[in-house]
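Here the sequence shown is numbered in full-length UniProt numbering, starting from 1 and rising by one per residue. Heads up, the beta-carbon is just placed ideally off N, CA and C, and yes, glycines get one too.
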Amino acid sequence: MLIKLNLPAKYYFGVTIVKGNAELIVSQVIANNRTINIPVYQRRYSWRREQLERFVADLKTAYVNQRERYFFGSLILNATGDTSTVDVIDGQQRLTTVSLFLIAIRDFLGSSDVDYQRVNEMFLIDRFDRDSIAKNRLHPVPGDEEQYVDVLINGLSAADTIFKSTYAYFWNVLQQGDLTVHEWLSGCKLIPETTFKRGYNE
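Next comes the structure, spelled out in structure tokens:
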């Protein structure tokens with residue numbers, strides 16, 4: 001994923017970050033930004049089956065071909081006055097999709113799996129948030145956030161919404177077993193080599 005930043009380089013989801021002429025391949029969560037906010041003027045989440053299928057196919061191709069890098073869509077972030085928060089200027093649909101995929105991966109691993117909490121705390125929740133029950137790191141637009149949080153907390157038991165449908169689609173993909181959960185993570189280029197139980201190619 002190509003990320004254009006108009007703020008000092010941070011780490012996001014282990015993807016490609018471009019800052020000026022410097023390009024960094026990273027495998028960490030944002031270093032200092034605990035809150036990722038989708039501003040109210042952005043459109044609501046709307047990805048459908050065709051887009052999800054293309055998303056999954058891209059990830060699978062990336063893993064099978066062991067690509068060191070590939071363009072996975074752009075994400076433009078803007079720093080706010082709060083140093084722990086960034087606003088998503090462009091790429092909110094893909095970012096929300098990635099987050100829902102990670103929720104499905106976390107839940108598919110199961111809470112007894114050693115990597116469950118790692119996925120949760122690295123990508124999904126702000127464990128330092130004492131004001132929110134869900135502690136969600138990603139904050140979609142009003143009208144979407146409640147549905148997103150419902151899936152974050154309840155998974156397949158969430159109410160029927162587009163967020164639940166996307167989550168359920170990813171759950172079915174994981175159940176099919178074309179790749180293991182950790183291979184999917186590797187395809188996303190999300191996980192550093194020493195973080196999880198298995199090795200990863202960056």
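If contacts are defined as beta-carbon pairs under 8 Å, then Asp87 and Leu95 qualify, I think. What distance do you get, rounded to the angstrom? The sequence position of residue 87 within the sequence shown is 87, counting from 1. The sequence position of residue 95 within the sequence shown is 95, counting from 1. So it is not a contact: roughly 12 Å between Cβ atoms.
DSSP beta-bridge partners for Thr35? Walking along the sequence shown from the start, residue 35 turns up at place 35. According to DSSP, residue pairing for Thr35 in a beta bridge involves Thr85.
Out of Leu52, Arg137, Ser112 and Thr166, which one is the CA nearest neighbour of Glu121? If you number the sequence shown from 1, residue 121 lands on position 121. Out of Leu52, Arg137, Ser112 and Thr166, Arg137 has the C-alpha closest to the C-alpha of Glu121.
Does the beta-carbon distance from Leu109 to Val98 come in below 8 Å? For the purposes of this step, residue 109 is taken as residue 109 along the sequence shown, with counting starting at 1. For the purposes of this step, residue 98 is taken as residue 98 along the sequence shown, with counting starting at 1. No. Outside cutoff.
May I have a chain-ordered list of the alpha helix (DSSP H) segments no shorter than 4 residues that lie completely inside the region 131-165? 145-154
Ala170 versus Lys60, Asn65 and Ala104, residue with shortest Cα-Cα distance: Counting from one through the sequence shown, the residue named residue 170 turns up at place 170. According to the sequence as given, residue 170 is Phe; it is not Ala. Nearest of Lys60, Asn65 and Ala104 to Phe170, Cα basis: Ala104.
Under 8 Å by Cβ, that's how I've got Thr161 and Gln147 pegged, so tell me the actual separation to the nearest angstrom. Taking the first residue of the sequence shown as 1, we reach residue 161 at position 161. Taking the first residue of the sequence shown as 1, we reach residue 147 at position 147. Rounded, the Cβ-Cβ distance is 4 Å, consistent with contact.
Might you give, ordered along the chain, the residues of its own chain that have their beta carbon closer than 7 Å to the beta carbon of Tyr116, omitting 5 neighbours on each side? As a position in the sequence shown, residue 116 is number 116, starting the count at 1. Closer than 7 Å at the Cβ level, and outside the excluded window around Tyr116, lie Arg106, Leu109 and Gly110.
Ile103 - partner residues in DSSP beta bridges: Position 103 of the sequence shown, counted from the start, is the residue given in the question as residue 103. Paired residues: none, contrary to the question.
Sub-8 Å separation of Ala168 and Leu185 beta-carbons: Start at 1 with the first residue of the sequence shown, and residue 168 comes out as number 168. Start at 1 with the first residue of the sequence shown, and residue 185 comes out as number 185. It is not a contact, given that the beta carbons lie outside the stated cut-off.
Do Leu152 and Asp123 count as a contact pair if the criterion is CB distance below 8 Å? Stepping through the sequence shown from its first residue, residue 123 is reached at position 123. Stepping through the sequence shown from its first residue, residue 152 is reached at position 152. It is Phe, not Asp, that sits at residue 123 in the sequence shown. Not in contact: Phe123 and Leu152 (Cβ atoms no closer than 8 Å).
Go through its chain and collect everything with a Cβ distance to Pro142's Cβ below 8 Å, but skip five positions before and after it. Counted from its first residue, the sequence shown places residue 142 at position 142. Result list for Pro142: Val40, in chain order.
At the level of alpha carbons, what is the spacing between Glu84 and Lys135? Counting from 1 along the sequence shown, the entry for residue 84 is found at position 84. Counting from 1 along the sequence shown, the entry for residue 135 is found at position 135. It is Ser, not Glu, that sits at residue 84 in the sequence shown. Using only the alpha carbons, I get a separation of about 14 Å.
For residue 241, the nearest candidate out of Glu145, Arg49 and Thr61 (CA to CA): One cannot answer for residue 241 here, as it falls past the ends of the chain, which runs 1 to 202.
Let me make sure I understand the geometry here. Which of Val149, Asp58, Ile38 and Leu174 has the alpha-carbon closest to that of Ile89? Indexing the sequence shown from 1 puts residue 89 at position 89. The shortest C-alpha separation from Ile89 is found at Ile38.
Flag this pair as yes or no: are the beta carbons of Lys60 and Leu174 separated by less than 8 Å? On the sequence shown, residue 60 is found 60 positions in, with the first residue counted as 1. On the sequence shown, residue 174 is found 174 positions in, with the first residue counted as 1. Result no, Cβ atoms of Lys60 and Leu174 do not sit closer than 8 Å.
Take the Cβ of Phe128 as the centre, count every other Cβ of all protein chains shown within 10 Å, and call the residue buried at 16 or more, exposed below. Position 128 of the sequence shown holds residue 128. Under this definition Phe128 is an exposed residue.
Rounded Cβ spacing between His139 and Thr35 (contact assumed at less than 8 Å): Position 139 of the sequence shown holds residue 139. Position 35 of the sequence shown holds residue 35. That pair is a contact at about 7 Å.
Taking the beta carbon of Ile125 as the centre, do at least 16 other beta carbons fall within 10 Å, making it buried, or is it exposed? Here residue 125 corresponds to residue number 125 of the sequence shown, with the count starting at 1. With 16 or more Cβ atoms within 10 Å of its Cβ, Ile125 is classed as buried.
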